[in-house]
Structure formats: C-alpha cells, structure tokens
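J.: What follows is a single structure, and I will ask about it in a moment.
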C-alpha cells in the first residue's frame, strides 16, 4: 500500500537535527554539534531524592491525569520568577509545555494557516524552522548582525510580505550565533510589530545563562499592548530529559493555546513538573543557576582560549552567555568540506547552512557547542579543528 501523506508533512524531513543527534550520540566523535547541556550540571542526586519523595507522599497526584495548563504550584512559581526577574506577567497567563519547542509549535498551530508568513532571524534554531514548515508556513529569513536582526531588512519584509502572523526571535545568546540583540533593536522590533499589527514570539531558553556583561530587558517586558508571546524552558538549566518548558502569553490568546496543547498531549507529565517545582522550592533557582553559570563560564573560556591558540584564521564574536560560539571561516575555504573533514578527524560541528531558512544558502560559519564536551574533549577537539584548518588552508 502506498501511503499518501498530508500536504503539510509530505516534504518535512528530520534533516540536520537527526544527523546531528545521531553523530553526537554515536560516541565516535568529540561532540561539538548537539546543543546538549553538560551532565556536570545535572542535579541527578537531588532529582532522584525528590522523585522518591513525591512518589511516596503524593503518588496519586504524580501518576494521575492533570490539568492542561500545568501543575498549579509550578505555574505560580514561574509566574512569580518572571515578574520579579523579567518584569513579565501582569496581563499574561502561563502554560506549562513539554519543552520550549512545544510552545513554539503550539503558537504556530493556532496562528498560522497554510501559506501564512512567519518572519525569523536567518540563521535560526532548526527545531523552530521544522515547526513552522510542518504547518505549511511561508518562512522568511531576515539577516543577522552582531547585535541582532537587521531592523531595516525586517521593516522591508513587513511591508512586502503577505499575511505575516508573527516574528520569531531568540534575543539572548542566539542559537546558532551566540549573539545578543541590543536593547535599541528590541525596542525597534516591538515598535515595528505594533505598526504592522504583527505578533512577536520571543524564544528565551538561554536567558539565565549569562556569564559576562549586563542583563538586557526581555522584549516581553516592553509589551504594553499584548502582542508578545514568551517561551522559556528548564532544559538548559536543570534537565532536558524532564521536558518542562513554559509559554507566557496574553490572556486573550490563552484559551486557544490551552486547547491546542490539550489536543497534542492533554498535559505535560505531572511527575516531571512536580520534580521541577520541588527542586526550585527546596534548592532555590538562583543558587542552582549560579553553579551552572560557573561551569559554563569555565567551558566558554576554554573554548575561546583554544580558538585563539589553534584557529587564528577563524573569526568569531565572543558570546556573553548561552552555549554556542559561531565561527567564520575565511572566504576562500569551503565550509561544508571543512565540517566533513572535521568529522572524519573525530570532531562533530554543525555546518552553518543547516540553520538557514534555505539550506542551500552559502554560509562560511560553523557552530561550536561548548557545553556538551568534557573539558578534556574541548581542549583536544579544538586542537584537531585547528589541524584540519591548517591542512585546508595550506
């Protein structure tokens, strides 16, 4: 029997994400490719203790169906944190999601008909591109600058593109670039969205992972008109395997968001939500995140030192946080060939074009993730990358 797929899914392939995860999980290469948090930051002993306690004291709550919006004590805790630290929450409600990616998918589901336009930074997170494509959206990329999306190009896109439903951005320590959007650009982005009657989807999985410099207000904190939806996650700061994220959105949209979530999975796993809540209550988020930042600050510095020592022909912007360094090869070198030779030499990096709206777009960049490798792997892997660079640069 020949199966006929739905139009919206017929041309959708796992593509680069699957290849990155397969390569990184193989154990045969030094894993600079996947954006996995370091196991060094996982509070596994505390999680084991809390899971045992929850199942002993609250087994019915943990194992029974729950409400779609999420575990109420966790929702209240996140709402308080966002209000105190990000000035978010007065006119919003909060939905617990199965990771931040589900929040992005749900927003796309409720706002985009097939053929509607989503404007995004170019390059951007592969998972978001897949979510947009899965609903038949017309995805339009706007080029990135070191301080965020090119706002003049964004304005051109808003004027000329039809049926723009929302603008998707990762303003803090962007994936893949590691760059951070300036406050000036955040303000202009918000004003452009207001002017053209378009929503903003702000994806902020890395916002708490700042190692240098000063915090910049979230775009959502500027939102006086209810046009910004804000997605966050505990994947990068506690555990990706627990799959607990959240979506803060204006109340006007909340019933539709909850209905779309309910159609996907009824609710996110209660046990996992309860573990996150009890962890935050008992151990404190600020104390935990301080330890995580210390680990990644060290790993980032090792990475920068290695690049400076062994990849002197590569240019980059030192990120102030997050998990990635975006490295640019000289114009005369072929980026895809370099990434393949690096993999053959035992080091997996991600080719820059994988993050582009059009994967056939030429890119001179490759992405280094510094959180996944051990310190020893960081040092060794960058030396190998330097050797491959020198061989090709001849």
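In this note's numbering, the protein residues as written are 4 to 397. We put the beta carbon where it would ideally sit given N, CA and C, even for glycine. Since we're looking at a predicted model, the values are computed, not measured.
Hey, is the segment 238-246 in contact with the segment 201-221, meaning 3+ C-beta pairs nearer than 8 angstroms?
T.: Short answer: they touch.
J.: Following the continuous beta strand (DSSP E) through residue 213, name the residue where it begins and the one where it ends.
T.: Run containing residue 213: none; DSSP gives neither H nor E here.
J.: Note down, in chain order, each residue of its chain lying with its Cβ closer than 6 angstroms to the Cβ of residue 368, except the 5 sequence neighbours on either side.
T.: Within the same chain, residue 368 has close Cβ partners 329, 331, 355.
J.: With DSSP run on the structure shown, which of helix, strand or coil describes residue 368?
T.: Three-state result, residue 368: strand.
J.: Would you call the segment 103-111 and the segment 242-258 in contact, with 3 or more CB pairs under 8 angstroms?
T.: A contact exists between the segment 103-111 and the segment 242-258.
J.: Nearest-angstrom Cα distance between residue 302 and residue 376?
T.: In a straight line, the C-alpha of residue 302 is about 9 angstroms away from that of residue 376.
J.: Nearest CA to the CA of residue 190: which residue from 52, 222, 247, 233?
T.: When only C-alpha atoms are compared, the closest one is 222.
J.: Please classify residue 364: is it buried, with 16 or more other beta-carbons within 10 angstroms of its beta-carbon, or exposed?
T.: Label assigned to residue 364: exposed.
J.: Since residue 248 is in the beta strand (DSSP E), which residue starts that stretch and which ends it?
T.: Segment 248-253, the beta strand (DSSP E) holding residue 248.
J.: By DSSP, does residue 393 sit in helix, in strand, or in coil?
T.: In the structure shown, residue 393 sits in a helix (DSSP, three-state: H, G or I).
J.: Work out the CA separation of residue 372 and residue 44 for me, nearest whole Å.
T.: Computed Cα separation, rounded: 15 angstroms.
J.: With distances taken Cα to Cα, identify the nearest neighbour of residue 394 among 337, 60, 41.
T.: Nearest option by C-alpha distance: 337.
J.: Taking Cβ positions, are residue 151 and residue 185 nearer each other than 7 angstroms?
T.: Yes, Cβ-Cβ distance for residue 151 and residue 185 is below 7 angstroms.
J.: Beta-carbon within less than 8 angstroms of residue 318's beta-carbon, same chain only, minus the 5 sequence neighbours each way: which residues are those?
T.: The residues are 330, 331.
J.: Please confirm whether residue 88 and residue 224 have their CB atoms less than 7 angstroms apart.
T.: Not in contact: residue 88 and residue 224 (Cβ atoms no closer than 7 angstroms).
J.: I want to know whether the segment 383-394 touches the segment 343-351 - three or more CB-CB distances under 8 angstroms.
T.: As far as the Cβ criterion goes, the segment 383-394 touches the segment 343-351, which means the pair count is three or higher.
J.: Excluding five sequence neighbours on each side, which residues of the same chain lie with their C-beta closer than 6 angstroms to the C-beta of residue 208?
T.: Same-chain partners within the cutoff: 103, 236, 239.
J.: Select from 137, 169, 180 the residue whose C-alpha is nearest the C-alpha of residue 147.
T.: Of 137, 169, 180, the residue nearest in Cα terms is 180.
J.: Answer yes or no: do residue 274 and residue 65 have a C-beta to C-beta separation smaller than 7 angstroms?
T.: Their beta carbons are under 7 angstroms apart, which means residue 274 touches residue 65 by this criterion.
J.: Following the continuous alpha helix (DSSP H) through residue 131, name the residue where it begins and the one where it ends.
T.: 129-137 is the extent of the alpha helix (DSSP H) around residue 131.
J.: Check whether the segment 282-289 and the segment 258-273 are in contact - that is, three or more C-beta pairs closer than 8 angstroms.
T.: Short answer: they don't touch.
J.: Which two residues bound the contiguous alpha helix (DSSP H) that contains residue 162?
T.: 154-163 is the extent of the alpha helix (DSSP H) around residue 162.
J.: Are the beta-carbon atoms belonging to residue 316 and residue 176 less than 7 angstroms from one another?
T.: No, the Cβ-Cβ distance between residue 316 and residue 176 is not below 7 angstroms.
J.: Could you please give the first and the last residue of the uninterrupted beta strand (DSSP E) stretch that includes residue 100?
T.: Where residue 100 is concerned, the enclosing beta strand (DSSP E) stretches over 95-100.
J.: So, helix, strand or coil for residue 34, using DSSP?
T.: Residue 34 falls in the strand class under three-state DSSP.
J.: The beta strand (DSSP E) that contains residue 325, what's its start and end?
T.: Where residue 325 is concerned, there is no enclosing beta strand (DSSP E), given that its DSSP letter is neither H nor E.
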